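Per my numbering, the very first residue in the sequence shown carries number 1; after that it's consecutive.
Just so you know, even glycine gets a beta-carbon here, dropped at the ideal spot from N, CA and C.
Remember, predicted model here, so these are calculated numbers, not experimental data.
Below is one structure, written out as structure tokens; comments come after it.
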Amino acid sequence: MRKPLVPDLPESCDLLIVGSGAAGMAAAISARHHGLSPVIIEKSDVFGGSTAVSGGAIWVPGNPLAAAAGMTDSREAARTYIKGETGNLFNAELVDAFLDKGPEAIGFFHEKTALKLAHRAYSPDYHSDAEGATEGGRSLDADDYDGRKLGADLYRMRPPIADFTILGGMPLGRPDIFHFLRMARSVKSATYATKTVLRYLRDRVTHGRNTRLVMGAAVSGRLAETVFALGIPLCTGHELIGLARDETGRVTGAEVKGPKGLRRIAARRGVVLAAGGYPQNPAKRAGTFDHVKRGLPHYSMSPATGTGGAIAAAEAIGAAFVDTNANGGFWTPVSLLRNTDGSVRPFPHLFLDRAKPGVIAVGHDGQRFVNEAASYHDFVQGLIAKLLAEGQRSAWLVADHRAVRRYGLGAAHAFPARIGKHIASGYLKRDATLDGLARQCGIDPAALETTVRAFNAGAVRGEDAAFGKGATSYQRYLGDAENKPNPCLRPLEGPFYAIEIFPGDIGTSMGLDVTAEGRVKDRQGQPIPGLFACGNDINSIMSGAYPGPGITLGPALVFGYVIGQVAAQ
1 MRKPLVPDLP
11 ESCDLLIVGS
21 GAAGMAAAIS
31 ARHHGLSPVI
41 IEKSDVFGGS
51 TAVSGGAIWV
61 PGNPLAAAAG
71 MTDSREAART
81 YIKGETGNLF
91 NAELVDAFLD
101 KGPEAIGFFH
111 EKTALKLAHR
121 AYSPDYHSDA
131 EGATEGGRSL
141 DADDYDGRKL
151 GADLYRMRPP
161 IADFTILGGM
171 PLGRPDIFHF
181 LRMARSVKSA
191 TYATKTVLRY
201 LRDRVTHGRN
211 TRLVMGAAVS
221 GRLAETVFAL
231 GIPLCTGHEL
241 IGLARDETGR
251 VTGAEVKGPK
261 GLRRIAARRG
271 VVLAAGGYPQ
281 NPAKRAGTFD
291 HVKRGLPHYS
301 MSPATGTGGA
311 IAAAEAIGAA
321 FVDTNANGGF
331 WTPVSLLRNT
341 DGSVRPFPHL
351 FLDRAKPGVI
361 AVGHDGQRFV
371 NEAASYHDFV
381 QGLIAKLLAE
391 GQRSAWLVAD
401 HRAVRRYGLG
411 AAHAFPARIG
421 KHIASGYLKR
431 DATLDGLARQ
441 CGIDPAALET
451 TVRAFNAGAV
461 RGEDAAFGKG
471 ATSYQRYLGD
481 AENKPNPCLR
491 PLEGPFYAIE
501 IFPGDIGTSM
511 GLDVTAEGRV
521 KDRQGQPIPG
531 LFACGNDINS
541 IMSGAYPGPG
551 ITLGPALVFG
561 YVIGQVAAQ
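So, in structure tokens, the structure goes:
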């Protein structure tokens with residue numbers, strides 16, 4: 001196994017990019033394509049940022065891949081949908097730039113780089129019944145990627161999160177999940193799963209890790225292949241300390257702390273901030289997340305290095321930070337797994353369990369409080385409202401044995417995975433009766449009995465009078481198509497299980513104020529010369545709303561592409 005080499009930080013470049021996620025690599029590739037010599041610095045010892053451990057969806061309306069497949073969409077419909085989602089926080093300048101440049105950017109990356117994409121023919125927007133929403137085409141995925149093409153640099157790429165893998169390090173992509181959940185009921189799926197596992201075991205022997213990269217790792221791997229092919233230095237282990245300016249106020253470089261100490265790098269065309277926001281900065285979260293201000297716990301799924309250093313460096317020279325979004329982050333409910341040292345780590349409940357039949361969410365009062373099949377972002381908005389009203393710090397997902405073994409519940413994977421360790425650790429509660437389960441969890445037993453009885457009566461008919469679980473195409477898409485008449489509803493039957501859940505995020509939505517060209521604005525609304533930003537370092541173009549799968553990576557690629565163009569002009 002050849003040891004990867006970290007390039008030395010040069011003394012100067014045309015464009016300095018801070019951050020190696022999709023936004024940063026996109027900006028570097030675009031800049032190089034338009035004639036500049038960029039350099040990427042990355043605070044962590046591994047590149048890829050949160051992109052590398054994400055679901056990898058890329059949401060870009062009107063993209064050329066869907067159009068080539070004959071799918072119909074329109075800029076006007078997408079704009080109407082986003083405007084409806086964001087309400088009076090609608091940012092016309094950024095949304096229009098995104099919609100105008102999005103198809104061009106996707107065409108560029110698909111045709112000119114190693115980022116080969118495929119559109120999802122059926123993947124409804126999260127509010128699929130809203131005006132302007134579509135049933136598919138807007139979301140894209142990177143084709144699975146052979147990480148061996150990166151050579152030794154594969155070992156500099158952020159590895160998968162262990163809890164998201166099986167067999168000690170094997171990640172599952174979207175097709176994998178489909179087949180692995182059905183391998184006990186389908187010969188075709190069993191064959192697929194066997195071949196996939198055998199390849200992974202071969203990789204472990206020959207490379208010490210998985211080399212088949214899927215979802216967000218495929219996005220990162222493919223972008224990285226192009227970065228390295230273009231000769232763009234990617235300096236991991238180098239942290240931005242501060243921005244340098246000339247006598248006119250123009251940003252001309254940065255102070256960077258790396259293996260050789262503190263150094264300055266000059267950047268003739270400026271600096272691009274793409275370091276992933278501030279999800280792991282407790283103080284900044286406490287100042288911008290309303291529920292944290294009010295005393296609720298919060299856990300982020302983002303890499304530990306996402307502490308907002310790039311935003312802080314920009315604010316130090318007068319950059320404007322937008323803190324008025326409807327939500328400070330992109331929410332997901334999380335459960336907590338215990339580490340050997342007694343600390344905890346969060347596990348996200350994104351789309352594999354909550355929407356499935358045989359699963360409900362209740363507060364400590366035993367009452368349901370939200371449509372469990374709603375998007376993870378919407379679910380947490382309901383969760384936060386429940387916790388604040390109830391005066392509690394957590395709620396519970398409750399499921400029956402059939403649901404847990406067929407779909408899994410949180411980190412307790414579906415059959416044939418063993419769940420005994422999760423019961424033994426206390427992560428997964430189990431009891432033959434609802435009364436016994438409620439007493440284990442601190443849930444009102446009588447109220448839980450009443451809630452399940454009422455839920456079951458409607459579920460038999462495929463109806464949820466309380467919250468309408470399974471009422472939209474998006475919700476049914478996340479359910480179980482084999483479950484009739486409603487893919488999301490089935491009566492719960494003992495034995496019963498429960499997992500405690502808390503508010504969490506997969507990234508921050510608030511950030512630096514920028515123009516349509518990605519130029520960072522000062523507090524008077526004027527662009528700071530030589531300073532750009534994209535990705536989660538900028539205020540989300542969705543203003544804290546979450547319209548569909550991939551609304552962070554889509555704008556990250558598009559505005560990274562735009563910045564490369566603008567910086568070269």
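Residue i versus residue j - alpha carbon distance
i           : j           : result
residue 504 : residue 247 : 43 angstroms
residue 495 : residue 440 : 14 angstroms
residue 269 : residue 567 : 6 angstroms
residue 322 : residue 282 : 18 angstroms
residue 384 : residue 344 : 21 angstroms
residue 244 : residue 86  : 36 angstroms
residue 121 : residue 71  : 8 angstroms
residue 425 : residue 304 : 25 angstroms
residue 42  : residue 199 : 31 angstroms
residue 147 : residue 264 : 33 angstroms
residue 554 : residue 126 : 15 angstroms
residue 204 : residue 168 : 10 angstroms
residue 3   : residue 123 : 41 angstroms
residue 55  : residue 114 : 19 angstroms
residue 9   : residue 235 : 7 angstroms
residue 218 : residue 444 : 45 angstroms
residue 176 : residue 212 : 12 angstroms
residue 48  : residue 487 : 36 angstroms
residue 136 : residue 508 : 26 angstroms
residue 225 : residue 300 : 29 angstroms
residue 449 : residue 379 : 23 angstroms
residue 193 : residue 141 : 21 angstroms
residue 387 : residue 364 : 9 angstroms
Candidates the options: closest to residue i by CA position
i           : options            : result
residue 390 : 497, 362, 76       : 362
residue 25  : 473, 252, 474, 223 : 223
residue 537 : 239, 18, 214, 3    : 18
residue 285 : 511, 550, 527      : 511
residue 523 : 319, 176, 349      : 319
residue 421 : 30, 387, 35, 338   : 338
residue 21  : 302, 14, 454, 513  : 302
residue 238 : 431, 40, 119, 251  : 40
residue 313 : 251, 351, 453      : 251
residue 528 : 357, 249, 68, 183  : 249
Neighbour-count burial assignment, residue i, 16 or more Cβ in a 10 Å radius
i           : result
residue 427 : buried
residue 5   : exposed
residue 516 : buried
residue 461 : exposed
residue 294 : exposed
residue 138 : buried
residue 372 : buried
residue 160 : buried
residue 51  : buried
residue 530 : buried
residue 259 : exposed
residue 526 : exposed
residue 393 : exposed
residue 35  : exposed
residue 201 : exposed
residue 570 : Absent from the model: residue 570. The displayed extent of the chain is 1 to 569, so no value can be given.
residue 325 : buried
Beta-carbon proximity list for residue i, same chain, < 6 angstroms, skipping 5 on both sides
i           : result
residue 570 : Residue 570 is absent from the model: the chain starts at 1 and stops at 569.
residue 465 : 458
residue 61  : 73, 78, 138
Neighbourhood of residue i by C-beta distance below 8 angstroms, restricted to the same chain and skipping five residues each side
i           : result
residue 79  : 95, 96, 99, 132
residue 409 : 353, 359, 397, 399, 403, 428, 497, 499
residue 289 : 298, 328, 329
residue 64  : 103, 106, 107, 110
Bridge partner(s) assigned by DSSP for residue i
i           : result
residue 165 : 171
residue 255 : 242, 264
residue 319 : 522
residue 431 : 496
Same chain only: Cβ atoms within 7 angstroms of residue i, ignoring 5 sequence neighbours per side
i           : result
residue 456 : 491, 492
residue 91  : 541, 543
residue 11  : 265, 266
residue 414 : 181, 405, 406, 407, 408
residue 255 : 241, 242, 244, 262, 264
residue 451 : 362, 366, 367, 368
residue 145 : 213, 218, 221, 222
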